[in-house]
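Under our numbering, the residues of the sequence shown are numbered 4 to 192, in order.
Just so it is clear, CB atoms sit at the ideal spot from N, CA and C, and this is done for glycine as well.
Please read the structure below before turning to the comments.
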Amino acid sequence: MSKHFDKNFEQLVFEHEKTVYRICYRFFNNPEDAMDAAQEVFIRVYKNLKTFRGDSSLKTWIYRIAMNTCINLSSRAKKKKAALTKNALLWLSSFRQETPEEILMDKALEEARAKIAAQELSALPARYSAPIILKDLEDMTIEETAEALNLPQGTVKSRLNRGRKMLESAVQSKVKQIENKKHLQTAGT
């Protein structure tokens, strides 16, 4: 390959490496696995860059490769975990109905919520977790998410709706279990 191509590729990696790493980290919840996956993504981008037709934006094409790589790697390893960022915590807070008691709860419960949400997001089938990761955590538009996943926009909207409902239900159920357990422990003392 030419030096010009290599220089352009270096610039492309520089522009997209953080987002690609975040996508990979959300799938694996492990820095080493995320780094390995991100490297695999850029190897695939490098090998296929000359075949990029421009049907979608380069950014969307790269993120599609990232999602497909993560899905392939996670299904091979039969484990897929997601980590929540500040954006995810803000998004999850929309599920909660805060009472005065909740407002007074300690930081441990908030950390437990984040862990529960990450576990439950990783437990969702990839068809539901992938749109949530791209749309809600990476702030992509419906159109960009659809292009990245190679799905019709209507399908993305449907999977987002269903995935969010599944996630909300699972998180609320687990949080209630923890709160009930905590209440029983404090009532018994």
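**OP:** Report the rounded CA-to-CA distance for K21 versus I136, giving the unit in angstroms.
**Re:** The sequence position of residue 21 within the sequence shown is 18, counting from 1. The sequence position of residue 136 within the sequence shown is 133, counting from 1. Between K21 and I136, the C-alpha separation is close to 15 angstroms.
**OP:** Can you tell me which of L76, I26, N51 and Q14 puts its alpha carbon nearest to the alpha carbon of M143?
**Re:** Locating residue 143 in the sequence shown gives position 140, where the first residue counts as 1. Closest option to M143, judged by alpha-carbon separation, among L76, I26, N51 and Q14: I26.
**OP:** Let me know the alpha helix (DSSP H) ranges lying completely inside the segment 27 to 62, each 4 residues or longer, listed in chain order.
**Re:** Here the runs fully enclosed are 34 to 51.
**OP:** Compute the distance between the beta-carbons of A121 and N32, then report whether it is under 8 angstroms.
**Re:** Reading the sequence shown from its first residue, position 118 is the one you call residue 121. Reading the sequence shown from its first residue, position 29 is the one you call residue 32. Taking 8 angstroms as the Cβ cut-off, A121 and N32 qualify as a contacting pair.
Subject >> Range covered by the alpha helix (DSSP H) that runs through P134 >> reply: Translated into positions along the sequence shown, residue 134 becomes position 131. Counting along the chain, the alpha helix (DSSP H) containing P134 begins and ends at A129 to I135.
Original post:
The alpha helix (DSSP H) with T148 in it runs from where to where?
Top reply: The count along the sequence shown starts at 1 and reaches residue 148 at position 145. T148 -> alpha helix (DSSP H) spans I145 to L152.
Subject >> C73 versus L163: straight-line alpha-carbon distance, rounded >> reply: Within the sequence shown, the letter at position 70 stands for residue 73. Within the sequence shown, the letter at position 160 stands for residue 163. Using only the alpha carbons, I get a separation of about 19 angstroms.
**OP:** Please state whether DSSP places D142 in a helix, a strand or coil.
**Re:** Here the question's residue 142 lines up with position 139 in the sequence shown. Three-state DSSP puts D142 in coil, outside helix and strand.
**OP:** Give a yes or no on whether the C-beta atoms belonging to N153 and R67 are separated by under 8 angstroms.
**Re:** By 1-based counting over the sequence shown, the position of residue 153 is 150. By 1-based counting over the sequence shown, the position of residue 67 is 64. Yes, the pair counts as a contact, with Cβ atoms nearer than the cut-off.
**OP:** Compute the Euclidean distance between the alpha carbons of L140 and R29, then round it to the nearest angstrom.
**Re:** As a first step, residue 140 must be located in the sequence shown, where it is residue number 137. As a first step, residue 29 must be located in the sequence shown, where it is residue number 26. Using only the alpha carbons, I get a separation of about 9 angstroms.
**OP:** Round the Cβ separation of Q156 and E146 to the nearest angstrom and send it over; I've been treating them as touching at under 8 angstroms.
**Re:** The residue given as residue 156 occupies position 153 in the sequence shown. The residue given as residue 146 occupies position 143 in the sequence shown. Yes, they are in contact, since the Cβ atoms of Q156 and E146 sit about 6 angstroms apart, within 8 angstroms.
Subject >> Cβ neighbour criterion (16 or more within 10 Å) applied to E150 >> reply: If you number the sequence shown from 1, residue 150 lands on position 147. Answer is buried; the Cβ neighbour count reaches 16.
Original post:
For L187, is the classification buried or exposed, using 16 other Cβ atoms within 10 angstroms of its Cβ as the cut-off for buried?
Top reply: Sequence index remark: in the sequence shown, residue 187 carries index 184 (1-based). Per the 10 Å Cβ criterion, exposed.
Original post:
Quick one: is S60 buried, meaning 16 or more other Cβ sit within 10 Å of its Cβ, or exposed?
Top reply: As a first step, residue 60 is located in the sequence shown; it is residue number 57 there, counting from the start. That one is exposed.
Subject >> For E43, the nearest candidate out of E123, K185 and S77 (CA to CA) >> reply: As a working note, residue 43 is residue 40 in the sequence shown. Comparing Cα-Cα distances from E43 to each of E123, K185 and S77, the minimum goes to S77.
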